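A.B. asks: Take this structure, written in structure tokens, and hold onto it; I'll ask about it next.
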Amino acid sequence: MAHFTKATSLHDWLNQRLAVDTLRRVLATEYWIPKNINFLWAMGMVLAITFAILLVSGIFLLMYYQPNVDLAFDSVNYTIMQEVGYGWLWRHVHGVAASVVFLIIYIHMFTGIYYGSYKKGREMIWISGMLLFVAFSAEAFSGYMLPWGQMSYWAGMVITNLFSGGSLHADGLVEWIRGDYVPAQAFLNRFFMLHVLLIPVAIMGLIGLHFGALRIPHVNNQDGEELDFEAEAAKYKSGDKAGSKVIAFVNDFMSKDMMVVSIYLIFFFYLVFFHFDFAMDPVNFDPADGLKTPAHIYPEWYFLWSYEILRPFSTNVGLMAFAFAQVIFMLLPFLDRSPNAVPASRRGLFKFWFWAMLVDMIVLTAMGKVPPSGIFSTIGLYAALTFIGLWILLPIITMFEKKA
Amino acid sequence: MKELFILAVVTTFTLVTYYLVEPFAHSHMHKHHESEKFVYEDLPALTKQGDVARGKDLVMGAGACVGCHAIKVEGMAAPMDAVTSASAYGVNPPDLSDAGSVFDAKFLAALIKNPAHALMLEHKYNDKTGKTFPMPPFYGAGGDLDQEIADMVAYLQSIAPKGEELTPKMAFETACGRCHAVHYQYEKDGERHPAWTQIGEHPTFKHKQDELAYETQVLDYQDSLVKYLGKLPPDLSMYIRSRGEHFLSTFAENPQNYLKGTAMPRVGLNAEAAEKVIEHLADVGDSKRHERDAVGKNVMIYIIIFAIFALLWKKQVWKELH
Amino acid sequence: MKDNSRRGFMGKAFGAVAGVGAVASLYAMKRSWDPLPSVKAAGFTTIDMSGYKDNELVTEKWRGKPIFVLKQSAEMLAKAKTNPKDLERLIQVGDSHFMVCVGLCTHLGCIPGYRPDTQDFLCACHGGMYDFTAEVTKAPPPRGLDIPPFKIDGNKLVLGEEGPEYKKMLESGTTLKV
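Protein chains in written order, with the working numbering: chain R, 22 to 425; chain A, 50 to 371; chain L, -16 to 161.
Now the structure itself:
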């Protein structure tokens, strides 16, 4: 039995039982972050806030949503959007946040790639981050099923068909996933379960892992400089805050984060109230009809690059390319053969690789949306080939990179 | 400054992606048609001044209009109930009480003279197909045909509600309600409105049997519509969000532009009635739009104040860190 | 430190602004819990008591709750007239008098059973009893069965609307608001 003394205050009482002071030091006031960072370092906090926004808005949607094929569409577009007090607000917030979160994820991801924050001890941060990307993708897909509009139904149909594996004709597997021959009640209910319980729990666990993986290697900085955190922390604590190369998470990093978050929220809320069609596609305001495919179906924007890698090739080749694309980012720390953890601008050929990859993903995204014909098909094919080519090139160009 | 450069780069790539994925892609997926502002260029202009009294005689008499059409405001009931009418003609002929202010005068005149032509349905009703449109053309009562038609139009205009008397709901019911259902209930000006079926507003029933009998009637009517049109016209509850104002307006103006060969007739709305129909669809499918705009404005003001305070806090904290 | 209080102030100010946003969000959340307009609109029921028989309990429904309607026979009415507490609970519609109450025991909400022979209600859950006007006669229920808001409309009763007779009952304490 540990030794407990009579508490001198509420603070002391809690401290003896929960070590709140130690927690506060370790997680907040003495969690050291490099000072040499820019606003891109705030994207993690922006993601945490957006995830919280999704959770809270989701809670209120969950109060009224009906996961039944005959009731789902009206429970969203009538009950929630037009009857529930501020129901429309939660729906708009949830839909816009679900789309914008991927913009921030991509910025966050590419920031990591640019600054080499996936190497030299930070591999687990990268891997847990990529797992979060997969989890968020599954969460977004399952969520999109729920309004049971035309896009919900046909996206469900097409994506589950992927699992037939082309020439493998694994139709049994597809039916097992759906729980029926086509996306119907069983399908809707199980994706509801995934969206509301299983995947959010997995995401929260992965966030814990992601934060944990960050602790020991520490946050990176704009120059990739390896800091002596002990020494810099000592400087800070002795009073030389201006001279120290580190800042404390609370209040230093937090206040800069909050500033970036607040500017993000201006942009976010503008979209929620005044410009939301990109996040709530009009096609999904038609109730699901299993006997009529819309003239144009496409996934949400954040899946388009991936969708376009699938499209230009024959079925089996396309599926292989698609599978490759899902997994390849995960392997970045191991495909990049250079030990240099510095910004891409100082990494010779890797600089070109980075910008080529970014531009290629945007081209793939654009081509994924337009109807696959004529010049667009051709551009899409070359962009898909470029994507594969760039990954094959990566180990080669980084192997010969000069030590920075 | 470096941070501003980074922000510019991120913003540029984001906006380029947005542009390509939204405006650019959508322009390649959907044809854009400009509104012709409901002038109906293809129809002949009205040349005669109509006489209301003569028009009334014609409508009630030689025109034989009331043989199929009710005119509630003048005490003329429908000759048959809606379901029986639909099984006879394919659809329930509209009550003409509001027609004078819902439909364009040129259009009404053209319709009386040659319904299939005015409604742009000649691809379905012509010598080759051998099908005749359920409403017969008016061949005249012995006098100047154009004068007689002008008289009838003048009469219809005289009995129709003027200005604000024509509510969005009335415009919708006359222009669209005999083919399209709108199953969402809605509230407007403190009054609750029940679901709209092709045979009228859905009443509340105490006994299940009465409710089922009513619903059977609706289904029978819808069966007639399917036989007449080829498929059931869609429920319009969410069309304001799935199609948007511009599409709905230009579609009603000329459905053939968007869906060549469709069985949907050109509606023949005048510009004011078209706006009211759109407003009705917005009342049913996007009823919280005013609240959304008002709350949005307040939230934007708040979030800018929030950002200013966040900036000030950051400046204070970082004063001793730089 | 010289700037400590100022920095503390700005942080608190920002916190206060954030707090305003949090309160506004809480208000929106509260409104989302409110009963829906369609639920509130369905809160009116019209009952037509023309075919009802003396001393025969009829159960209607209003806002999801059972509503007891007991037509008073001449003998029951005479008995009621001898007890003002009983008489003020009855409603006159046309030439007849009715007891109209929410059929939920005011103790803990079970539905009491009516016994036409003894002209009283017995609640099986904890033994509470009411007389033929639903005035409480045996504990544990704290008061008689509640009377729903009503308005007399010719030969019918509209439950959910507050007519003058109902308002009088509220004022005299015959019933609490349901």
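Beta carbons are placed, not taken as given, at the ideal position from N, Cα and C, and that holds for glycine.
All figures in this text were calculated on a predicted structure; none of them were measured in a lab.
In or out: L/Arg72 buried (at least 16 other Cβ within 10 Å) or exposed?
C.D. replies: buried
A.B. asks: Between the Cα of A/Glu213 and those of A/Ser291, A/Gly124, A/Gln365 and A/Val151, spot the shortest distance and give me the residue it belongs to.
C.D. replies: Of the listed residues, the one whose Cα sits closest to A/Glu213 is A/Val151.
A.B. asks: Can you pull the chain R neighbours of L/Gly(-2), defined as C-beta to C-beta under 8 Å?
C.D. replies: Within 8 Å Cβ-Cβ: nothing; L/Gly(-2) doesn't reach chain R, min ~10 Å.
A.B. asks: Quick check: L/Pro132 and L/Glu144, are their CB atoms within less than 8 Å of each other?
C.D. replies: yes
A.B. asks: Measure the alpha-carbon distance for L/Met(-16) versus R/Ala223 and round it to whole angstroms.
C.D. replies: Residue confidence is low: L/Met(-16) scores 43 on pLDDT, short of 50, so the model does not pin down where it sits. No coordinate-derived value is stated.
A.B. asks: Along the region 339 to 359 of chain A, where does the CB come closer than 7 Å to a CB of chain L? Name the residues.
C.D. replies: Tyr351, Ile354, Phe355, Phe358 and Ala359
A.B. asks: Between the region 190 to 209 of chain A and the region 312 to 322 of chain A, do three or more beta carbon pairs fall short of 8 Å?
C.D. replies: no
A.B. asks: Return the first residue and the last residue of the beta strand (DSSP E) that A/Tyr235 is part of.
C.D. replies: Tyr235 to Lys237
A.B. asks: Does the distance from the CB of R/Ile330 to the CB of R/Ala405 come in under 8 Å?
C.D. replies: When the beta-carbon positions are compared, R/Ile330 and R/Ala405 come within less than 8 Å of each other.
A.B. asks: Could you work out which residue in R/Asp307, R/Phe345, R/Pro393 and R/Gly229 is closest to R/Phe94 when comparing CA atoms only?
C.D. replies: R/Asp307
A.B. asks: Among L/Thr101, L/Ser33 and L/Pro95, which one has its Cα closest to the Cα of L/His219?
C.D. replies: Because chain L in this structure spans residues -16 to 161, residue 219 of chain L falls outside the shown range and cannot be described.
A.B. asks: For the beta strand (DSSP E) holding L/Pro49, just list the boundary residues, first then last.
C.D. replies: Lys48 to Lys54
A.B. asks: Using only the alpha-carbon positions, how far apart do L/Lys160 and L/Gln102 sit?
C.D. replies: 26 Å
A.B. asks: Closer than 6 Å by C-beta to R/Leu325: which residues in its own chain qualify, once you throw out the five before and the five after it? Chain order, please.
C.D. replies: Thr386, Gly389 and Lys390
A.B. asks: Determine the DSSP secondary structure at A/Trp245, reduced to helix, strand or coil.
C.D. replies: strand
A.B. asks: Can you tell me the Cβ-Cβ gap for R/Leu61 and R/Ile128, rounded? I've got them flagged as a contact below 8 Å.
C.D. replies: 7 Å
A.B. asks: If you count every other CB in all the chains shown that lies within 10 Å of the CB of R/Asp302, and 16 or more means buried, which is it?
C.D. replies: buried
A.B. asks: Enumerate, from N- to C-terminal direction, the unbroken alpha helix (DSSP H) stretches of 4 or more residues contained entirely within the region 66 to 149 of chain L.
C.D. replies: Correct list: 67 to 70.
A.B. asks: If you reduce the DSSP assignment to three classes, tell me which class R/Gly170 lands in.
C.D. replies: strand
A.B. asks: Below 8 Å on the Cβ atoms is my guess for A/Ile208 versus A/Val115; work out the distance and round it to an integer in Å.
C.D. replies: At roughly 12 Å, the Cβ-Cβ gap does not stay under 8 Å, so A/Ile208 and A/Val115 are not in contact.
A.B. asks: Which class does L/Met(-16) belong to by DSSP, given the choice of helix, strand or coil?
C.D. replies: Confidence in L/Met(-16) is poor, its pLDDT being 43 and thus under 50, which makes the residue's placement unreliable; the coordinate value appears in the next sentence. Residue state for L/Met(-16) is assigned as coil, using DSSP reduced to three classes.
A.B. asks: Should A/Lys162 go down as buried or exposed, given a rule of 16 or more other Cβ atoms within 10 Å for buried?
C.D. replies: buried
A.B. asks: So, does the CB of A/Trp362 fall closer than 8 Å to a CB anywhere in chain L?
C.D. replies: yes
A.B. asks: Just to confirm, are A/Gln234 and A/Arg227 a CB contact at a threshold of 8 Å?
C.D. replies: no
A.B. asks: Between the region 242 to 251 of chain R and the region 51 to 65 of chain R, can you find at least three pairs of beta-carbon atoms closer than 8 Å?
C.D. replies: yes
A.B. asks: Check whether the Cβ atoms of R/Trp142 and R/Pro238 lie closer than 8 Å to each other.
C.D. replies: A small fix is needed here, since residue 142 of chain R is Gly in this sequence, not Trp. Result yes, Cβ atoms of R/Gly142 and R/Pro238 sit closer than 8 Å.
A.B. asks: If R/Ala234 and R/Gly164 are in contact, beta carbons under 8 Å, what's the gap, nearest whole angstrom?
C.D. replies: The pair is not a contact, with the Cβ atoms about 26 Å apart (cut-off 8 Å).
A.B. asks: Please check if any C-beta of chain A sits within less than 8 Å of the C-beta of L/Met32.
C.D. replies: no
A.B. asks: To the nearest angstrom, how far is it from the Cα of A/Lys180 to the Cα of L/Ile30?
C.D. replies: 53 Å
A.B. asks: With three or more C-beta pairs closer than 8 Å as the rule, is the region 107 to 127 of chain R touching the region 152 to 159 of chain R?
C.D. replies: yes
A.B. asks: I'd like to know whether the C-beta atoms of L/Val83 and L/Leu40 end up nearer to each other than 8 Å.
C.D. replies: no
A.B. asks: Three or more C-beta pairs closer than 8 Å, one from the region 99 to 118 of chain R and one from the region 333 to 352 of chain R: is that the case here?
C.D. replies: no
A.B. asks: Spell out whether any CB of chain R is found under 8 Å from the CB atom of A/Thr253.
C.D. replies: no
A.B. asks: Report yes if the C-beta distance between A/Ala137 and A/Met125 is below 8 Å; otherwise report no.
C.D. replies: no
A.B. asks: With DSSP collapsed to three states, give me the class of A/Ala111.
C.D. replies: DSSP places A/Ala111 in coil when its eight states are reduced to three.
A.B. asks: If we cut at 8 Å on Cβ distances, does L/Pro20 have a partner in chain A?
C.D. replies: yes
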